[in-house]
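K.L.:
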Amino acid sequence: MKEFNPENISLLTCKSRFDLWIQFINLKSVSEIAEIGVFRGLFASQILKNCLSINRYYMIDPWKKLKDWNKPLNIDNQTFEQCYLETLERTDFAKSRRIILRGKTTEVINQIDDESLDLIYIDGDHTLKGISIDLLNSYSKVKDGGYIAGDDFCVSIWQHKSNYEPTLIFPYAIYFAEAVGAHIYALPFNQFVIKKDIKKKDFKFINLSGDSRYNNSSLLKQFEIQLKNIEI
Ligand SMILES: C[S@@+](CC[C@H](N)C(=O)[O-])C[C@H]1O[C@@H](n2cnc3c(N)ncnc32)[C@H](O)[C@@H]1O
């Protein structure tokens with residue numbers, strides 16, 4: 043894999059998260075990639091179509107209704123089965139490069155060798171439980187010098203209505219980067235990326251998103267705002 047600094051991505055030319063990761067993967071010549079949370083295979087198909095350096099694309103998703111996931115996308119089993127079939131159809135052109143691991147992260151991720159991935163893209167269960175499990179399990183699967191990235195790095199934890207669990211990718215991913223001693227970048231389109239660097243062990247938060255609200259990674263304000271919105 044070529045050496046690459048995420049700060050070199052020409053973020054201004056990216057029109058979507060798809061553009062951003064296609065550019066990133068092509069610049070890094072990523073070969074081994076995993077995606078946690080695949081749903082209808084939209085991201086996977088775009089990446090496989092536009093990134094020919096990819097030799098192996100692991101797709102992790104249970105494609106089933108989960109009893110412990112309080113998020114709007116936790117739909118019925120029949121619709122999930124359709125999403126699974128859609129994913130197969132959408133990525134059929136790249137079937138020799140895809141490996142489907144059907145199950146929750148904890149159930150299937152150990153089918154991937156430790157330190158084998160150049161990049162893992164986390165877009166599954168976005169709750170505090172989900173992102174803790176996904177980041178911890180992903181870290182050991184990525185090579186030294188590889189990247190852990192993800193979607194829904196939203197400045198507000200109240201991504202959905204307040205009867206759903208909050209989305210804790212932000213700020214939790216920043217806390218995780220500090221715990222392992224890594225650089226973490228906030229990128230446009232609610233994306234983040236952590237660079238695994240075992241030798242350096244240096245924590246730094248680099249905000250390239252253009253949104254200064256990421257610079258405050260405490261939670262108190264977010265709960266205060268939510269409490270004010272509740273009608274008593
Ligand atoms: C936002 S969608 C993924 C969208 C996809 N990454 C894209 O960009 O096209 C979230 C997916 O996460 C999956 N998911 C939820 N909990 C999960 C878990 N514990 N492990 C793996 N996947 C999970 C859901 O089944 C759902 O398909």
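In the numbering used here, the protein residues as written are 43 to 274.
Heads up, the beta-carbon is just placed ideally off N, CA and C, and yes, glycines get one too.
1. Per DSSP, what kind of secondary structure is Lys185 in: helix, strand or coil?
2. DSSP three-state call for Glu77: helix, strand or coil?
3. What is the DSSP secondary structure of Lys91, counted as helix, strand or coil?
4. For Leu250, collect the residues of the same chain with a Cβ closer than 7 Å to its Cβ; drop the 5 residues on either side in sequence, then sort them by chain order.
5. Please output, in chain order, the residues near ligand 1 using a CB cut-off of less than 5 Å to any non-hydrogen atom of the ligand.
6. Buried or exposed for Asp186, going by 16 or more other Cβ atoms inside 10 Å?
7. Could you check what DSSP says for Ala224 in three-state terms: helix, strand or coil?
8. Compare the beta carbon distance of Ser180 and Ile190 with 7 Å and say whether it is the shorter of the two.
9. Between the Cα of Met101 and those of Ile141, Phe231, Phe247, spot the shortest distance and give me the residue it belongs to.
10. How far does the beta strand (DSSP E) with Phe164 in it reach, from first residue to last?
11. My parser needs the beta strand (DSSP E) runs of 3 or more residues fully inside the region 112 to 182; what are they?
12. Are the region 231 to 241 and the region 55 to 70 in contact at 8 Å, needing three or more beta carbon pairs?
13. Would you check if the distance between the CB atom of Trp111 and the CB atom of Asp167 is smaller than 7 Å?
14. Determine the direct distance from the alpha carbon of Pro104 to that of Ile151, and round the result to whole angstroms.
15. Looking at the strands, I want to know which residues DSSP matches up with Tyr100.
16. Less than 6 Å between C-beta atoms, sequence neighbours within five positions excluded: which residues of the same chain meet that for Tyr163?
17. For my contact list, Thr209 and Ile175 are in at a C-beta cut-off of 8 Å; report their separation, rounded to the angstrom.
18. Thinking C-beta only, is Lys241 closer than 7 Å to His225?
19. On a Cα-Cα basis, can you pick out the residue from Ser58, Leu69, Ile67, Thr129 that is closest to Ser87?
20. How far does the alpha helix (DSSP H) with Phe66 in it reach, from first residue to last?
P.N.:
Based on what the coordinates show:
1. strand
2. strand
3. helix
4. Glu49, Leu53, Tyr227, Ala228, Leu229
5. Gly79, Phe81, Leu84, Phe85, Asp103, Lys146, Thr147, Asp165, Gly166, Asp167
6. exposed
7. coil
8. yes
9. Ile141
10. Sequence inspection shows Ile at residue 164; the Phe mentioned does not correspond to that position. From DSSP, the beta strand (DSSP E) with Ile164 extends over 159 to 164.
11. 140 to 144, 159 to 164
12. yes
13. yes
14. 12 Å
15. Ala76, Ile141
16. Glu77, Ala191
17. Not a contact, Cβ separation roughly 15 Å.
18. no
19. Thr129
20. 59 to 70
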